[in-house]
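In terms of the working numbering, the sequence shown opens at residue 72 and continues consecutively. Each remark here refers to the structure printed beneath this line.
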Amino acid sequence: MSNEDQREPVPGDSKWLCLPRHRPDSKILEFPYAIGKCLEVQSHVAPEPLEAPYAGRRPDPPSGSHEMTQLEFCLASPPLEGYLGQETMSLTITGALAVSGTASLEESEVHEGTGPSDYGTIRRGAQILLVNNAMVAKIYDPLYYDAGDRGDRKDVTAIADRDYTREVAAYQELEPFWGALVPTYYGSWTFEIPTQTPTGILQRSVRLILIEHIQGRRLLDMNPHDLTEKARTNVMRKVIKVESVFNFNSGVSHRDIAPRNFICVGDDLEGPDLRIVVLDFNNSVVHRLELPISPVTRWPYIGNEFLGGWLPDEFDELQKWLWHQFATCQSYQPPPAGLIAQDLDEQNPEMQL
Numbered sequence: 072m073s074n075e076d077q078r079e080p081v082p083g084d085s086k087w088l089c090l091p092r093h094r095p096d097s098k099i100l101e102f103p104y105a106i107g108k109c110l111e112v113q114s115h116v117a118p119e120p121l122e123a124p125y126a127g128r129r130p131d132p133p134s135g136s137h138e139m140t141q142l143e144f145c146l147a148s149p150p151l152e153g154y155l156g157q158e159t160m161s162l163t164i165t166g167a168l169a170v171s172g173t174a175s176l177e178e179s180e181v182h183e184g185t186g187p188s189d190y191g192t193i194r195r196g197a198q199i200l201l202v203n204n205a206m207v208a209k210i211y212d213p214l215y216y217d218a219g220d221r222g223d224r225k226d227v228t229a230i231a232d233r234d235y236t237r238e239v240a241a242y243q244e245l246e247p248f249w250g251a252l253v254p255t256y257y258g259s260w261t262f263e264i265p266t267q268t269p270t271g272i273l274q275r276s277v278r279l280i281l282i283e284h285i286q287g288r289r290l291l292d293m294n295p296h297d298l299t300e301k302a303r304t305n306v307m308r309k310v311i312k313v314e315s316v317f318n319f320n321s322g323v324s325h326r327d328i329a330p331r332n333f334i335c336v337g338d339d340l341e342g343p344d345l346r347i348v349v350l351d352f353n354n355s356v357v358h359r360l361e362l363p364i365s366p367v368t369r370w371p372y373i374g375n376e377f378l379g380g381w382l383p384d385e386f387d388e389l390q391k392w393l394w395h396q397f398a399t400c401q402s403y404q405p406p407p408a409g410l411i412a413q414d415l416d417e418q419n420p421e422m423q424l
């Protein structure tokens, strides 16, 4: 360990915030998600999905959070509660697909892996593990999320809660597609993890989901130039068909369509039986759960027949009128920040329509 690593952490220092340390002369906290570790989990009913276009929100971060280490922040800002279920399960970690290692391991961009290894890929975010040699556990532990730097401090608990609640909502909505277009979903869970702190061992609540282990190859890990034209065409035809199903038939918008989120299952890339599976729903939106788009955004373009009497004639005046009536209404998605707010006073009525 270098002298720099041994120095006393300064409050607000991004290095000490981002690493899960609690005092400068200690080793890094023992990594709780190593192969061989056991987790005792209990079924959990997740809160409603968070952040626009959903209505769900977290409370603001605790006071003084900008001066906390990441560990202190996670202890002061636990995940939203939800409800405990009756089912319990023992999980043994048997493979690492994408995990946070120690500070001595180099970080790199990763996503859900398709095969277990001794270390997996290093990441900051949800920990993705093979458990009981049969399922994938996606663990939303904010202690291992990227907290940003001093100039851009992130609320890691809010990000972890957002990821968890959105994935739970998406997988529940996608039940007709389990085992086909998406992995089979085995529910949402929680567990208590003992965490060493300067005052002793404290328990932290951590959420996770369990899904089917898909054994295949991500498009991101394949070089399309190494494939035959027939194979490339077959893969992309199936990818586009899957995307179309999501957009128009599933009730869920994925909102992160990219090669890293598609897996090819099957060895014959040219054959009709090739299966394409979609992963990663932390950015997704379940349409029936989202709030309507604000009239501030829509009505300047659909209200023409009401101009010259019911509504102001001028476009700018119409926007201002709509902003005054609906900008703070909680029944709609928030309008784009700064759309016309800079031209208005702050006396907008807080209507609850």
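No residue lacks a Cβ here, since even glycine has one placed at the ideal position from N, Cα and C. All values derive from a computational prediction rather than experimental measurement.
**Message:** Less than 7 Å between the C-beta atoms of residue 120 and residue 127, yes or no?
**Reply:** Along the sequence shown, read from residue 1 onward, the residue named residue 120 stands at position 49. Along the sequence shown, read from residue 1 onward, the residue named residue 127 stands at position 56. Between residue 120 and residue 127, the CB-CB gap stays under 7 Å.
**Prompt:** By how many angstroms is the C-alpha of residue 394 removed from the C-alpha of residue 419?
**Reply:** Residue mapping note: residue 419 aligns to position 348 of the sequence shown, counting from 1. Residue mapping note: residue 394 aligns to position 323 of the sequence shown, counting from 1. The predicted position of residue 419 is uncertain, since its pLDDT is 45 and thus under 50; a value taken from the coordinates is nonetheless stated next. One C-alpha to the other measures close to 8 Å.
**Asked** From which residue to which residue does the alpha helix (DSSP H) around residue 145 run?
**Response** The sequence position of residue 145 within the sequence shown is 74, counting from 1. Unbroken alpha helix (DSSP H) run through residue 145: 141-147.
**Message:** Buried or exposed for residue 260, going by 16 or more other Cβ atoms inside 10 Å?
**Reply:** By 1-based counting over the sequence shown, the position of residue 260 is 189. The residue in question, residue 260, is buried, as its Cβ has 16 or more Cβ neighbours within 10 Å.
**Asked** Do residue 425 and residue 291 have their CB atoms nearer than 7 Å?
**Response** Shown here, the chain extends from 72 to 424; a query on residue 425 therefore has no answer.
**Message:** Please state the DSSP three-state secondary structure of residue 381.
**Reply:** For this step, residue 381 is matched to residue 310 along the sequence shown. In this structure, residue 381 counts as coil in the three-state DSSP scheme.
**Message:** Can you tell me whether residue 129 is helix, strand or coil according to DSSP?
**Reply:** To locate residue 129, count along the sequence shown from 1; it is residue 58. In this structure, residue 129 counts as coil in the three-state DSSP scheme.
**Asked** residue 405 to residue 298, Cα distance in whole Å?
**Response** Residue numbering aside, residue 405 sits at position 334 when the sequence shown is read from its first letter. Residue numbering aside, residue 298 sits at position 227 when the sequence shown is read from its first letter. A direct Cα-Cα distance of roughly 45 Å separates residue 405 from residue 298.
**Those residues which DSSP pairs with residue 116 across a bridge** = As a first step, residue 116 is located in the sequence shown; it is residue number 45 there, counting from the start. DSSP lists 154 as partners of residue 116.
**Request:** State the Cα-Cα distance for the pair residue 391 and residue 152, rounded to the nearest angstrom.
**Result:** Numbered from its first residue, the sequence shown carries residue 391 at position 320. Numbered from its first residue, the sequence shown carries residue 152 at position 81. Straight-line Cα distance between these residues: approximately 39 Å.
**Request:** Determine the contact status of residue 227 and residue 216, defining contact as a CB-CB distance below 7 Å.
**Result:** Translated into positions along the sequence shown, residue 227 becomes position 156. Translated into positions along the sequence shown, residue 216 becomes position 145. Yes.
**Request:** From the DSSP output, in three-state form, read off residue 134 for me.
**Result:** Within the sequence shown, residue 134 is the residue found at index 63, counting from 1. Here residue 134 sits in coil by DSSP.
**Message:** Going by C-alpha to C-alpha distance, which of 341, 379, 107, 336 sits closest to residue 204?
**Reply:** To locate residue 204, count along the sequence shown from 1; it is residue 133. Considering only alpha carbons, the answer is 107.
**Request:** Would you identify the three-state DSSP class for residue 355, choosing helix, strand or coil?
**Result:** The sequence position of residue 355 within the sequence shown is 284, counting from 1. Secondary structure at residue 355: coil, using DSSP grouped into helix, strand and coil.
**Request:** Please classify residue 373: does DSSP put it in a helix, a strand, or coil?
**Result:** The sequence position of residue 373 within the sequence shown is 302, counting from 1. Here residue 373 sits in helix by DSSP.
**Asked** At which residue ranges does the region 208-274 contain complete beta strand (DSSP E) runs of 3 or more residues, listed in the order of the chain?
**Response** The region 208-274 is shown to contain whole beta strand (DSSP E) runs of 3 or more residues at 256-268, in chain order.
**Request:** Reducing DSSP to helix, strand and coil, say where residue 283 ends up.
**Result:** Counted from its first residue, the sequence shown places residue 283 at position 212. Residue state, collapsed to three classes: strand.
**Request:** Leaving aside the five residues before and after residue 230 along the sequence, list all residues of the same chain whose C-beta is less than 6 Å from its C-beta, in chain order.
**Result:** The residue labelled residue 230 in the question sits at position 159 within the sequence shown. Answer for residue 230: 216, listed in chain order.
**Request:** Compare the C-alpha of residue 198 against each of 219, 168, 220 and name the closest.
**Result:** Taking the sequence shown and counting its residues from 1, the one referred to as residue 198 is at position 127. The shortest C-alpha separation from residue 198 is found at 168.
**Asked** Under the rule that 16 or more other beta-carbon atoms within 10 Å means buried, what is residue 384, buried or exposed?
**Response** The residue you call residue 384 lines up with position 313 of the sequence shown. It counts as exposed.
**Prompt:** In the DSSP assignment, what are the bridge partners of residue 397?
**Reply:** Locating residue 397 in the sequence shown gives position 326, counting from the first residue. Under DSSP, residue 397 forms no beta bridge with any residue.
**Request:** May I ask you to verify whether the region 136-148 touches the region 294-311, counting CB pairs closer than 8 Å and requiring at least 3?
**Result:** No contact exists between the region 136-148 and the region 294-311.
**Item:** Minimum C-alpha distance to residue 147 - residue among 241, 160, 268, 118
**Value:** Start at 1 with the first residue of the sequence shown, and residue 147 comes out as number 76. Checked all of 241, 160, 268, 118; the closest Cα to residue 147 is 268.
**Residue(s) in a DSSP beta bridge with residue 201** = One-based indexing of the sequence shown puts residue 201 at position 130. Answer by DSSP bridge pairing, in chain order: 166, 207.
**Item:** Endpoints, the beta strand (DSSP E) within which residue 32 is located
**Value:** The question about residue 32 has no answer, for the chain in this structure spans 72 to 424.
**Prompt:** According to DSSP, which residues form a beta bridge with residue 289?
**Reply:** Along the sequence shown, read from residue 1 onward, the residue named residue 289 stands at position 218. Bridge partners of residue 289: 334.
**Message:** Need the endpoints of the beta strand (DSSP E) that residue 346 sits in, please.
**Reply:** Along the sequence shown, read from residue 1 onward, the residue named residue 346 stands at position 275. Residues 346-349.
**Prompt:** Considering residue 314, what are the terminal residues of the alpha helix (DSSP H) in which it resides?
**Reply:** By 1-based counting over the sequence shown, the position of residue 314 is 243. Note, residue 314: alpha helix (DSSP H), 300-319.
**Request:** Whole angstroms is fine: what's the gap from residue 382's alpha carbon to residue 124's?
**Result:** The residue given as residue 382 occupies position 311 in the sequence shown. The residue given as residue 124 occupies position 53 in the sequence shown. For residue 382 and residue 124, the distance between alpha carbons rounds to 27 Å.
**Prompt:** Residues bridged to residue 121 by DSSP?
**Reply:** Numbered from its first residue, the sequence shown carries residue 121 at position 50. Beta-bridge analysis with DSSP links residue 121 to 127.
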